[in-house]
Amino acid sequence: MKKIIVILIIVAAIFGAFFLASGRKGDAKIILFYSEACPHCKVVEEYIEENKVEEKISFEKMESSENSELLVQKADFCKMDTSQGVPIPFLWVNNQCIVGDQDIIKFLQSL
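Note that numbering that gives the first Met the number 0 has the sequence shown beginning at 0, numbered continuously upward.
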């Protein structure tokens, strides 16, 4: 009986840690920062829709102006110069930064 209780506690702890880690905004492994007014962002969005990328991988989309602090934080992590702002579209992938529609599409094609 003690073994079952210990196993249940371990399983609960693992699942709890997983859900806490995956549930925080900005902690996703892949984040696409975009703007509705950005023509390059629209190119990426069209590629995502036409190629059903969201069925293949899970990622979070964030409007850049509403999430500017997180966007700058991610760009700073990649040692990008953010003094003039951060270019978009901007893709955050496993602690790497990919900027620009063509580079983002190349990455998505590689999946």
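Quick reminder that beta carbons are idealized off the backbone N, C-alpha and C, glycines included.
_Starting from Ile30, trace the beta strand (DSSP E) in both directions and tell me its first and last residue._
For the purposes of this step, residue 30 is identified with residue 31 of the sequence shown, where counting begins at 1. Boundaries of the beta strand (DSSP E) around Ile30: 29-33.
Practice task
Using three-state DSSP, classify Gln83 as helix, strand or coil.
Solution key: Numbered from 1 along the sequence shown, position 84 holds the residue referred to as residue 83. Here Gln83 sits in coil by DSSP.
Query raised in the report: If we call anything under 7 Å between Cβ atoms a contact, is Val85 one with Leu70?
Result: Position 86 of the sequence shown holds residue 85. Position 71 of the sequence shown holds residue 70. In this structure, Leu70 lies closer than 7 Å to Val85 by Cβ.
Check: For Glu65, does the three-state DSSP call read helix, strand or coil?
Finding: Within the sequence shown, numbered from 1, the residue matching residue 65 stands at position 66. Of the three classes helix, strand and coil, the one that applies to Glu65 here is coil, per DSSP.
Task: The beta strand (DSSP E) enclosing Cys37, as first and last residue numbers - done: Within the sequence shown, numbered from 1, the residue matching residue 37 stands at position 38. Taken as a continuous stretch (DSSP letters only), Cys37 belongs to no beta strand (DSSP E), as it is neither H nor E.
Item checked: Start and end residues, beta strand (DSSP E) containing Leu90 -> By one-based count along the sequence shown, residue 90 stands at place 91. That run of the beta strand (DSSP E) goes 89-92.
Review point. Candidates Asn93, Glu45, Ile29, Phe76: which alpha carbon is nearest Lys101's?
Key: Taking the sequence shown and counting its residues from 1, the one referred to as residue 101 is at position 102. This sequence places Gln at residue 101; Lys is not what is there. Closest by alpha carbon: Glu45.
What is the C-beta distance between Phe76 and Val92, in whole angstroms, given that I count them as a contact (C-beta under 8 Å)? Taking the sequence shown and counting its residues from 1, one reaches residue 76 at position 77. Taking the sequence shown and counting its residues from 1, one reaches residue 92 at position 93. With a Cβ gap of about 12 Å, Phe76 and Val92 do not count as contacting.
Requested in this report: May I ask which residues mark the beginning and end of the alpha helix (DSSP H) holding Ile103?
Outcome: Here residue 103 refers to the residue found at position 104 of the sequence shown. That run of the alpha helix (DSSP H) goes 100-108.
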